[in-house]
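Residue numbering for the sequence shown follows our numbering, beginning at 32 and increasing consecutively.
C-beta: ideal position from N, C-alpha, C; glycine also.
Only a predicted model underlies this, so the values are computations on that prediction, with no experimental measurement involved.
Notes for the one structure printed next.
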Amino acid sequence: MIPRITVVGSIHADLSMWVKQHPQPGETVIGTGGTISPGGKGANQAVAAALQGAGVAFVGAIGNDPHALSATALMVDAGVMMMGVEKRGDSTGLAVITVAEDGENTIVVLPGANAWVTESYVKLHADIIRNAEIVLLQGEIPASGIEAAVRHATGRVVINLAPVIPVARETLLRADPLLANEHEAARILELFDTPSAGDPNIVNDPETMAKELLGAGFSSVVLTLGPNGALVATPDGLQHVPTPAVTPVDTTGAGDAFTGALVARLSEGDTLLDAAKHACRVAAYTVTGYGAQSSYPTAQDPLPEL
């Protein structure tokens, strides 16, 4: 399969634990699990897109350690093309994930080999980026790597700036769309020093955030709103997309499932609104299973209905 999508991003091994409720500062709680599974926002999104039938290539780095094989196993199984993945340094990226009974999670990330995905590393794999119809990026690699990938991109650029890191304004404005959740959108507004930047109430008003991001120069914006679905914003207006009602057991990687599914549908010619509708259904499917990539549906799996 010829890749239409190139993901430039992170690869992690996820260490997951389950607790009754998240500990308060200074508190110790007893957990279960302690399993290692594949993760990383870049890898998650690449797997989600590939499982939806898209041709996906990857640019990223793993370490010279035992975690490297487990971190990439599901990428390979899903058919992600790994010609842009090399070993750098001693350690594969690691994410420590705690999941509470209500399905909400906390995540601490150690970059490991992902810190090597800088401008010089991206330049080594520039052809994979130039040949892609869509280049997808996140915030778990250095800003210089993100900026270099966008410079080499000749097709559509999609950026999910998660986590939010300082990236050149002109780089971010290539995003079409910019994807973010409410908290990330608020941080991006601070990067752009918009009128509502720093307003603690702004995360409760996704429409205002979306309008301000469009006003800052973005061509299109998609805000993910958890159980409230998503908000698609273009110069033509704002449209809310509902999500199916499901009982979540683990929200780990749900946003990445949404992003990967959305980009997969964009690569097939869907409108941004139609792609977001499909992505909401994929994300809803995901939260009914445990883990990130291991919970993602294939194109043949029946998705929950809106």
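With distances taken between CB atoms, is the gap from residue i to residue j smaller than 9 Å?
i, j, result
"V195", "I160", "no"
"P328", "Q83", "yes"
"A323", "T290", "no"
"A180", "R35", "no"
"M112", "V87", "yes"
"I42", "A74", "yes"
"G91", "G120", "no"
"V252", "V166", "no"
"V263", "L303", "yes"
"F89", "A99", "no"
"S346", "S101", "Because residue 346 is not part of the residues shown, which for the chain are 32 to 337, the question remains open."
"A315", "P335", "yes"
"V318", "A292", "no"
"L297", "A306", "yes"
"R312", "P275", "yes"
"S122", "L105", "no"
"T37", "G110", "no"
"A85", "E243", "no"
On the three-state DSSP scale, how would you describe residue i?
i, result
"F289", "helix"
"D96", "coil"
"Q169", "strand"
"K118", "strand"
"V181", "helix"
"P335", "coil"
"T66", "strand"
"D305", "helix"
"H53", "coil"
"I128", "strand"
"Q324", "helix"
"G91", "strand"
"M48", "strand"
"N145", "helix"
"A174", "helix"
"H271", "strand"
"M113", "strand"
"I61", "coil"
"P237", "helix"
"L105", "helix"
"R35", "coil"
"V140", "strand"
"V277", "coil"
"V318", "coil"
Count the other CB atoms, across all protein chains shown, that sit within 10 Å of the CB of residue i; report buried if there are 16 or more and exposed otherwise.
i, result
"V60", "exposed"
"K308", "buried"
"E201", "exposed"
"P56", "exposed"
"P208", "buried"
"P237", "buried"
"E58", "exposed"
"D108", "exposed"
"T103", "buried"
"S151", "exposed"
"N136", "buried"
"G176", "buried"
"A330", "exposed"
"P258", "exposed"
"M240", "buried"
Please report the Cβ distance between residue i and residue j, rounded to the nearest whole angstrom; I am assuming they are in contact, meaning their Cβ atoms lie under 8 Å.
i, j, result
"A193", "E215", "5 Å"
"A247", "L254", "That pair is no contact at about 14 Å."
"N95", "G124", "In fact, because the Cβ distance is near 13 Å, the residues do not count as touching under 8 Å."
"S213", "V234", "This sequence places Glu at residue 213; Ser is not what is there. Contact holds; Cβ gap of about 5 Å."
"I138", "L168", "About 19 Å separates the two Cβ atoms, so there is no contact after all."
"G62", "L46", "At roughly 11 Å, the Cβ-Cβ gap does not stay under 8 Å, so G62 and L46 are not in contact."
Looking at residue i and the ligand FMN, is the gap between the Cβ and the nearest heavy atom below 8 Å?
i, result
"S101", "Ligands in the displayed structure: none, and consequently the ligand FMN is not present."
Inter-stretch contact at 8 Å, needing at least 3 Cβ pairs: the segment 268-280 / the segment 225-235: no
Given 8 Å, three or more beta-carbon pairs between the segment 151-159 and the segment 121-136: no
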